[in-house]
Amino acid sequence: MAFLALRAHGKINLYLDVIGRRADGYHDLITVFQSIGLHDRIAFAEGGYDIKLEVTGAELETGGENLVMLAARLLRSYSGAEHGVRIALEKRIPVGAGLGGGSTDAAATLVGLNRLWNLGLTSEELHELALQLGMDVPFCLRGGTALAAGRGEIMERVDLTILPWVVLAYPGFQVSTAWAYRAFDENQSARNTRAHRTTAEDVRTRLQRSDLTWCLNRFEEVVFEEFPQLRELANNMKSAGAEAVLLCGSGSAICGLSNSFGEALKVYRRVAGGTLRVFLTHAVGASPTNLVL
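With my numbering as the guide, the letters of the sequence shown map in order to residues 47 to 339.
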């Protein structure tokens, strides 16, 4: 029986600006995606005709709305394959934290089943399928660092001078992405700052710097107002010496970035404990093999 096990890396957004709402209801963004060492594990065993999913480590539904199931069914429909598969997903990335857990699991499913079923689909074909599953999924196919525009689908691979250490703190609750976009659209302060926002070229230039002071997440303007405990957590990380502190995606996790392990360890020790789930990890570069166990 054919078997394959993969690592599905989470992501953070080192830069995230919402430029405006499009006619199709989506939003144009400028963002910098960054893969991190924190990952889920996902294994595939070929057999039968049905697609079956088991999840450990989190309470997730395993039916048709799960992104892993959606990815598997989309790939089989596109390729015309008649294979079945049993999928075992071990969740390590907190659910609803803004760390791309669902997206990276979907990307790993596309990559894994393309190999397991010997489909031979190109990276371009996988990218097009990933676009149908979510904004972050195309990035998660390869990982590393990428500057993205549009809905996030227009990507340019970039190299950071230094890959930072990352402290992640998850408060135990989720922030709805749909709510965050609505709140941002309705927020007067957020609207007033749009005229002063940077372009992709500005961000590309900043990426060449060795410090992390250019990092930004525009969702903080509305999320911190609604959830002041997240602002307090971010301030705690700053006072502990993190070089940059950011909301992860639209929340709810907070990440503190440091260019040295020693400084990251100080931040970790400051925030670890209580009801928070805290992780000390690092940014990782792009490689087609960094999915494979």
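C-beta: ideal position from N, C-alpha, C; glycine also.
- Quickly, what does DSSP pair residue 172 with across the bridge? List them, please. Paired residue(s): none; residue 172 is not in a bridge.
- Task: Classify residue 275 as buried or exposed, calling it buried when 16 or more other Cβ atoms lie within 10 Å of its own Cβ.
- Result: exposed
- Message: Tell me whether the stretch 307-316 and the stretch 279-292 touch, counting them as touching only if at least three CB pairs, one residue from each stretch, are closer than 8 Å.
- Response: yes
- Message: Under 8 Å: do the stretch 147-154 and the stretch 72-90 share three or more Cβ pairs, one atom per stretch?
- Response: yes
- Message: Going by C-alpha to C-alpha distance, which of 224, 106, 142, 94 sits closest to residue 67?
- Response: 224
- Query: Short check: CB of residue 322 to CB of residue 218, under 9 Å?
  - Reply: yes
- For residue 161 and residue 254, the rounded distance between their alpha carbons: 36 Å
- Query: Sorted by chain position, which residues of the same chain lie with C-beta nearer than 7 Å to residue 342's C-beta, five sequence neighbours on each side aside?
  - Reply: Outside the displayed range of the chain (47 to 339) lies residue 342, so it cannot be described from this structure.
- Task: Hey, could you find the ends of the beta strand (DSSP E) residue 215 is sitting in?
- Result: 211-216
- Message: At the level of alpha carbons, what is the spacing between residue 328 and residue 228?
- Response: 32 Å
- Check: residue 86 C-beta below 8 Å from any heavy atom of the ligand SAM: Summarising the ligand content, the structure contains no ligands, and the ligand SAM is consequently not present.
- Output the boundary residues of the alpha helix (DSSP H) element that contains residue 352. This structure does not reach residue 352, given that the chain is present from 47 up to 339, and the question cannot be answered.
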